[in-house]
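This report concerns only the one structure given below.
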Amino acid sequence: MAAGHAKDDEERPAAGEEQSGRSSVLTQFLREHGGVAPLVGLVGITTIIVGLTTAFGAIRSDHSFWIVVFGGLSILFLWASWPLSYLKIAPKLMSISSLGVAVISIVALLTVIAIAARHGSDDTPVETSEENGVLESPIEGWAQWNTLRNRGPSFGTRLLTAVARPQGEINVFVVGDDGQVWNPWTDNLDDNRFWHEDTLPENDFLRGTRQVTAVTVNKRGHSTQDVLFVFAIGNDGQIWWTELEGRDWKNWEALPAEVKFSHATQAVAAVSRIDGVIDLFAMGIDGQVWSIGWEEHTKWKKWFQVFPSSTFNGNQSVSVAARSKYNVDLFVVGQKTVWSNYWYETEDEWHPWVPLAELATKERGKQHPLFPDSQIITAISKPPDHDEQSGGEYSTRVPDHTSIDLFGVGADGRVWSNWFEAGRLEDDPWYGWFEIGRTRVAKNQQLAAIRRGAYNIEVFGVGADGKLLMTLWKDKERNRLDGRWSDWVQPDGVGDESFSEVAVVSTSPDTLNLFAIGHDGYLRETSWRASDSG
1 MAAGHAKDDE ERPAAGEEQS GRSSVLTQFL REHGGVAPLV GLVGITTIIV GLTTAFGAIR
61 SDHSFWIVVF GGLSILFLWA SWPLSYLKIA PKLMSISSLG VAVISIVALL TVIAIAARHG
121 SDDTPVETSE ENGVLESPIE GWAQWNTLRN RGPSFGTRLL TAVARPQGEI NVFVVGDDGQ
181 VWNPWTDNLD DNRFWHEDTL PENDFLRGTR QVTAVTVNKR GHSTQDVLFV FAIGNDGQIW
241 WTELEGRDWK NWEALPAEVK FSHATQAVAA VSRIDGVIDL FAMGIDGQVW SIGWEEHTKW
301 KKWFQVFPSS TFNGNQSVSV AARSKYNVDL FVVGQKTVWS NYWYETEDEW HPWVPLAELA
361 TKERGKQHPL FPDSQIITAI SKPPDHDEQS GGEYSTRVPD HTSIDLFGVG ADGRVWSNWF
421 EAGRLEDDPW YGWFEIGRTR VAKNQQLAAI RRGAYNIEVF GVGADGKLLM TLWKDKERNR
481 LDGRWSDWVQ PDGVGDESFS EVAVVSTSPD TLNLFAIGHD GYLRETSWRA SDSG
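The opening residue of the sequence shown carries number 1 in the UniProt record's numbering; numbering runs sequentially from there.
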């Protein structure tokens, strides 16, 4: 028996010899089939793909999904095509098809990476130096929060309205639980501790109103003299208004009552595109967008219906932007998408409502974010160039033929943006929807956005955890497509508290004033000055 086992051991090769034999057979097989060079090439290509996918998938978060997908497909089908070809375990057509899919995936991967490199992303660091007309970034240098009102009624989760007047005065408006409109204001922009606390004339019709709207209108022939108007929807379904004369508010008056509006779900949109003129827009309970106008030294005109639509149900709010004195653009969420309408003075008519999803370019793959009907889109237009500003304050003249930027919180909790630039493409001036970062924020909030200069945009909002967040865009090359968004961050020194709503204004290119309602229902303010950020 022992001798028999010894004989078997002599016939069976040792483990090391067996492994060496297998390696030799594999090497011989590869050489016979010309597979060594392709194998080395596969390893090299795979290394490159892994490197690109890891690098750009990590730092280009607005494109990371497709980068990882195409990178994975490239590697999978590359390695599948090699054994199919050289081991001949499948028909030749299958191996060619696998190689074709790999090539297509690689081309797609490189294309997405090229787009990511060209357009930037939310995680690209943004420098804070002022260069070539690009302003300093307001991430650091914020003052400590100042509580504007910590007594009296709570403001709950109502929306804020803040306006900067041409003489350098800031006014904030918010409805309290008691239905009265509170108006903190200041003309001391050097110290955020000095605020006046006023209230608008008493009323018995604003209890439960969601938001008041304020707009400042230049007097004709007086670029530094303005009239401040405030509008609100009462619980009687009418729109009420008042104006500031000197430091005294007029009693509330109701606009013509031909149309009814919902004070609980809607807000008034107001814009002054030219001195001495106001245009109001609001969604009626009939699901139609209505407008009314005012001109200096005249009475209010009659309500008229903007182009009829069956898209809206009466619960939405309208957003408005005037990118020039000749143009007005409207935006409303309906059927989970953003709809647009516009008016040109040369045509003097409104057009059919069009979903922006149909106007987007193909540059970002025609993404179609979904928005809840309660979402109010934030729309801002490009400010005047620096040579149109004087005395460190903004010119209030509406710029001509410039751009519009839109911001909204999608049903996925992420912030989406789209922008329009006249003349960019004659038949397709909208860029298309894109995500600003992958950070989730609180839903159903109205984002606060501002454009301090031609090449700077800041957006503020409340994160999913209630903390204040901001992102910013700056374009050092003064080319819109080369600008980049920063990651969402908490502004230095002001991001530790929890809030429900925010608003922002600017009285000069180097200043910001931010307002927020805390979870305790009180109103707070902080400010930023370029010289304070170091």
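Just so it is clear, CB atoms sit at the ideal spot from N, CA and C, and this is done for glycine as well.
None of these values were measured; they are calculated from a predicted model.
Per the Cβ contact rule, the segment 223-232 is in contact with the segment 268-279 (3 or more Cβ pairs under 8 Å). Counting along the chain, no beta strand (DSSP E) covers Leu-189, and no H or E run does either. For Leu-73, the secondary structure class from DSSP, reduced to helix, strand or coil, is helix. Thr-511 is not a Cβ neighbour of Trp-145, given a cutoff of 9 Å.
The beta carbon of Glu-345 sits closer than 7 Å to those of Tyr-326, all from its chain and outside the five residues before and after it, given in chain order. In the three-state reduction of the DSSP assignment, Thr-46 falls in the helix class. The way I'd put it, the segment 322-340 does touch the segment 368-382; three or more beta-carbon pairs between them come closer than 8 Å. Counting the other CB atoms within 10 Å of its CB gives Gln-167 a total below 16, which places it among the exposed residues. Scanning the segment 421-502 for uninterrupted beta strand (DSSP E) segments of 3 residues or longer gives 434-440, 448-453, 456-462 and 468-474, listed from N- to C-terminal end. Asp-286 has no beta-bridge partner at all, per DSSP. In this structure the segment 195-209 lies against the segment 230-245, because at least three pairs of beta carbons, one per stretch, are closer than 8 Å. With a beta-carbon spacing of about 7 Å, Val-289 and Leu-330 fall inside the 8 Å limit used to define contacts. Glu-349 counts as exposed, since fewer than 16 other beta carbons sit within 10 angstroms of its beta carbon. The continuous beta strand (DSSP E) containing Trp-528 extends over residues 523-529.
Under the three-state reduction of DSSP, Gly-51 is assigned to helix.
Here DSSP, grouped into helix, strand and coil, assigns Val-107 to helix. In this structure, the CA atom of Arg-207 is about 7 Å from the CA atom of Gln-180.
If you draw a straight line from the Cα of Asp-178 to the Cα of Val-68, it comes to about 53 Å. In this structure, the alpha-carbon of Val-320 lies about 14 Å from that of Gln-266.
Check the Cα spacing between Trp-252 and each of Gly-246, Lys-260 and Ile-233: the tightest is with Ile-233. Close CB contacts of Leu-160 within its chain, under the 6 Å cut and outside five residues either way in sequence, are with Val-174, Glu-501, Ala-503 and Phe-515 (chain order).
The shortest CA-to-CA distance from Thr-471 to any of Trp-433, Ser-417, Gly-432 and Leu-370 is the one to Ser-417. Collapsing the DSSP output to three states places Ile-274 in coil. By DSSP's assignment, Tyr-344 forms a beta bridge with Asn-327 and Glu-349. Gly-437 counts as buried, since at least 16 other C-beta atoms from the protein chains shown sit within 10 angstroms of its C-beta.
A direct Cα-Cα distance of roughly 45 Å separates Arg-247 from Asp-412.
Phe-407: member of the beta strand (DSSP E) spanning 403-409, first to last residue.
Nearest neighbour of Pro-184 by Cα position, chosen from Ile-170, Asp-191 and Asp-190, turns out to be Ile-170.
The beta-carbon distance between Ser-272 and Val-215, rounded to whole angstroms, is 6 Å. This is short enough to meet the 8 Å contact definition. The beta carbons of Val-489 and Gly-463 sit about 10 Å from each other, so the pair does not count as a contact at 8 Å. Distance from the CA of Glu-458 to the CA of Trp-473, rounded to the nearest whole angstrom, comes to 6 Å. Contact annotation, Val-505 with Ala-164: C-beta distance approximately 4 Å; criterion of less than 8 Å satisfied.
In the displayed model, Leu-244 falls within a strand according to three-state DSSP. DSSP lists Leu-280 as the bridge partner or partners of Ile-292. Taking a 10 Å sphere around the C-beta of Glu-347, we find fewer than 16 other C-beta atoms and assign the residue as exposed. Just measuring C-alpha positions, the residue of Thr-47, Glu-435, Gly-237 and Ser-403 sitting nearest Glu-421 is Ser-403.
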